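Below you'll find the structure, written out as structure tokens, and then a few comments.
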Amino acid sequence: VLEIPEMEVACLRQGLLRYTWRKLSARINFSNVTSQPAFVTAKQERSKVPQHPVSPSINEDLPPKTEVDLQLVQRLEKLSLVDFVNKEGLTRLEAAISMADQLCVVNTEGVEPMITVLEDRSLPLAEDEVHSGDLSEELLACAQETLEDYFVVPPGNITYSEEKGYYRELDQGEEDI
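Numbered per the UniProt record's numbering, the sequence shown finishes at 177, counting up by one with no gaps.
What follows is the structure, given as structure tokens:
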């Protein structure tokens, strides 16, 4: 049985070979012939990144599940400026905590840390350069919005709307006084 590579099969389809189809059809092994193109791009190759979300299995050796109560949620919202406004946000928070808990069972014996937050070695410092003059007006000119010589920024990733914004509450509070 004669085996013909994919490229030659493509040539057969185009009629470029001298042999007629009748003479070769009995001698060709079509078991290796695929319908894939002869040249494969990098995007067409099998990716190592999953195409769909993967829910990892959680190790049973972990410490007990961290309970997320109202005080903890309020403290996290205050520190991170993230609004866990609904049940989906709390579920996402609990999933993140359980993923972080998996680090407790990782064996790090004999592994030297790549970086440390402790200052146990001397670090080179950049030279201080003093610029004379008042640059506050030039810096504030770069801001999209200012209020009394301050930059105005949105509060974290909490949606800021002008109708129910922080400044509207302040204005209403001053009127009540």
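Quick reminder that beta carbons are idealized off the backbone N, C-alpha and C, glycines included. Given the structure is predicted, the values throughout are model-derived calculations rather than measurements.
Where residue i falls: helix, strand or coil (DSSP)
i: Thr146; result: strand
i: Glu67; result: coil
i: Val54; result: coil
i: residue 188; result: One cannot answer for residue 188 here, as it falls past the ends of the chain, which runs 1 to 177.
i: Ser80; result: helix
i: Val117; result: coil
i: Val1; result: Reliability of the predicted coordinates at Val1 is poor, the pLDDT of 48 falling under 50, and the value obtained from them is presented with this limitation in mind. The answer is coil: DSSP assigns Val1 none of H, G, I, E or B.
Element boundaries [alpha helix (DSSP H), containing residue i]
i: Ile97; result: 87-101
i: Leu123; result: Here Leu123 belongs to no alpha helix (DSSP H), and DSSP marks it neither H nor E.
i: Leu139; result: 136-141
Counterpart residues of residue i in DSSP-defined beta bridges
i: Phe151; result: Thr146
Query raised in the report: Counting Cβ pairs closer than 8 Å, one from the stretch 121-129 and one from the stretch 76-87, do we hit at least three?
Result: no
Query raised in the report: Do the stretch 131-150 and the stretch 88-106 touch if we need at least three Cβ pairs shorter than 8 Å?
Result: no
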